[in-house]
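Here UniProt numbering is used: the first residue of the sequence shown is 1, the next is one more, and so on.
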Amino acid sequence: GRETRLRVVLRVRPLTCTETRRGDRQVVHSLGDGSVHVCATRHDATFGFSAVFDAGASQEAVFEGSGVRQLVELAIDGFSCTVFAFGQTGSGKTYTLMGPLAQSETRPAAPGLLGLMQRSFACLLEQSRGRGSDLALSASYLEIYNEQVRDLLSPGPPCALPLRWSKTRGFYVENQLSVDFESLEAITSLLLQAFNALPAGSQRRRTSAHALNRHSSRSHALLTIYIHSRAVSTHPALGGACPSKQGTLCFVDLAGSERVKETGSSGELSVEANNINRSLLALGHCISLLAKPRGKQTHIPYRDSKLTRLLARSLGGSGITLMVACISPSSRCLSETLSTLHYASRARRVTTRP
Ligand code: ADP
Ligand code: MG
């Protein structure tokens, strides 16, 4: 019940080949003590985070240094834990969460490149094996596309699910599927299924190619693992049973913020972009209000978007939350980078009561 701050870490991806080829300057430099320095014409600012991972940081270093392992353990202990990646399109959110998996249709990613999600699953299953049959694991996978909540695990064409609220459960999605799993293969194939391994190679999750990122995610994706622990005690004095616990571990890959002008989006794409930007704006607004001291907080408008409703518990309720802000070091991305850094700095003041 104690107030706990959101943990915010920053990842700066390397310059891409395209950025290097066209001679983009690197304007973000890690100072090595959890802070970064942005240095460009008319901009000179330093931002501090719980940790900063620069271009040289491996996927493993990000997993170990961001505290995800501890989140897995807390989720087993019955807490609601959330990891969310945010940042401009092409800044490395999907890479950080899933590695290059989402980008190749058929080739599996090299083990060293696996993202935070697969590493967490492995860690969770390892713990689960240690506890025998006391842990039951299941998963659900949703996306929010054009302000509709869709089930990425249900067969057939995607249909919108209602998002409801109840006093006991808070906001929840009605009729969402959840799938039990017991092995790393099963949960990984679930990820792949939602991403790309469907009939005729059709991708379930909405992605479309535009100028900034060939595999841009056009939807917010939320994968939730439910961890039910049947803590059975063998101590005779306890009569054989202890209360069971239900924890969750949720990974949120936010669609990138973007300017319609820069991505060259038009028609359907610009409708998508407007919906994405509107929900990210709603999220930013909630974060700004939540960042005020508790005594000064007014009403938090979670109901402004589906995204903020689904994240209400992680942001202002009883969850434990890690934000991974992703940025590009390129001079061309400066204004989006600064906005991500400001957004992330504000989020550091948000507290929850796990
Ligand atoms: P986002 O999900 O934020 O739109 P992606 O994760 O798809 O961005 O990354 C954009 C591109 O940059 C991809 O080609 C990805 O492989 C590459 N990339 C991102 N982060 C890294 C990294 N840390 N190291 C190497 N390549 C990266
Ligand atoms: Mg992405």
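Beta carbons are placed, not taken as given, at the ideal position from N, Cα and C, and that holds for glycine. Quick caveat: nothing in here was measured; it's all calculated off a predicted structure.
Proximal residues to residue i (C-beta, below 8 Å), its chain only, five neighbours per side dropped
| i | result |
| --- | --- |
| residue 55 | 12, 13, 14, 15 and 329 |
| residue 181 | 137, 138, 139, 187 and 190 |
| residue 75 | 81, 124, 225, 227, 247, 248 and 249 |
| residue 118 | 98, 99, 101, 184, 188 and 191 |
| residue 301 | 282, 285, 286, 289 and 308 |
| residue 19 | 328, 330 and 332 |
| residue 165 | 171, 172 and 309 |
| residue 57 | 11 and 65 |
Cβ-heavy atom distance, residue i to ligand 1, below 7 Å
| i | result |
| --- | --- |
| residue 219 | no |
| residue 400 | This structure does not reach residue 400, given that the chain is present from 1 up to 354, and the question cannot be answered. |
| residue 20 | no |
| residue 91 | yes |
| residue 112 | no |
| residue 16 | yes |
| residue 13 | yes |
| residue 329 | no |
| residue 65 | no |
| residue 56 | no |
| residue 326 | yes |
| residue 100 | yes |
| residue 284 | no |
| residue 295 | no |
| residue 87 | yes |
| residue 256 | yes |
Spatial neighbours of residue i in its chain, beta-carbon cut-off 7 Å, leaving aside the 5 residues before and after
| i | result |
| --- | --- |
| residue 318 | 80, 352, 353 and 354 |
| residue 197 | Here residue 197 scores only 39 on pLDDT, less than 50, and its place in the model is too uncertain to base an answer on. |
| residue 149 | 142, 160, 161, 163, 173 and 306 |
| residue 278 | 305 |
| residue 213 | Per-residue confidence for residue 213 stands at a pLDDT of 47, beneath the threshold of 50, marking its modelled position as unreliable; the derived number appears in the next sentence. These residues qualify, in order along the chain: 89 and 90. |
| residue 296 | none |
| residue 113 | 59, 99 and 100 |
| residue 128 | 135 and 137 |
| residue 92 | 11, 13 and 326 |
| residue 40 | 27, 331 and 334 |
| residue 122 | 184 |
| residue 3 | 351 and 353 |
Near ligand 2: residue i beta-carbon under 7 Å from a heavy atom
| i | result |
| --- | --- |
| residue 94 | yes |
| residue 44 | no |
| residue 33 | no |
| residue 253 | yes |
Inter-residue CB distance, residue i and residue j (contact presumed, cutoff 8 Å)
| i | j | result |
| --- | --- | --- |
| residue 140 | residue 177 | 6 Å |
| residue 170 | residue 312 | 6 Å |
| residue 222 | residue 310 | 6 Å |
| residue 95 | residue 115 | 7 Å |
| residue 5 | residue 348 | 7 Å |
| residue 24 | residue 332 | 5 Å |
| residue 334 | residue 27 | 6 Å |
| residue 7 | residue 50 | 5 Å |
Neighbourhood of residue i by C-beta, 6 Å cutoff - its chain only, sequence neighbours within 5 removed
| i | result |
| --- | --- |
| residue 124 | 72 |
| residue 120 | 68 and 72 |
| residue 254 | 86 and 220 |
| residue 345 | 47 |
| residue 29 | 37 |
| residue 337 | 327 |
| residue 110 | none |
| residue 314 | 82 and 321 |
| residue 252 | 84 and 222 |
| residue 9 | 49, 50, 51, 66 and 324 |
| residue 147 | 275 and 306 |
| residue 245 | 78 and 229 |
Beta bridge counterpart(s) of residue i as assigned by DSSP
| i | result |
| --- | --- |
| residue 323 | 8 and 84 |
| residue 53 | 11 |
| residue 245 | 229 |
| residue 39 | 44 |
| residue 136 | 228 |
| residue 287 | Residue 287 is not bridged to any residue. |
| residue 351 | 5 |
| residue 150 | 143 and 160 |
| residue 61 | Per DSSP, none; premise fails for residue 61. |
| residue 172 | 164 |
* To do: Determine contact between the stretch 287-304 and the stretch 126-143, defined as no fewer than three beta-carbon pairs at a distance below 8 Å.
  => No, because fewer than three Cβ pairs between the stretch 287-304 and the stretch 126-143 fall closer than 8 Å, the two stretches do not touch.
* To do: Answer yes if the stretch 75-89 comes into contact with the stretch 320-328, meaning at least three C-beta pairs across the two stretches below 8 Å, and no otherwise.
  => Cβ pair count under 8 Å is three or more, so yes.
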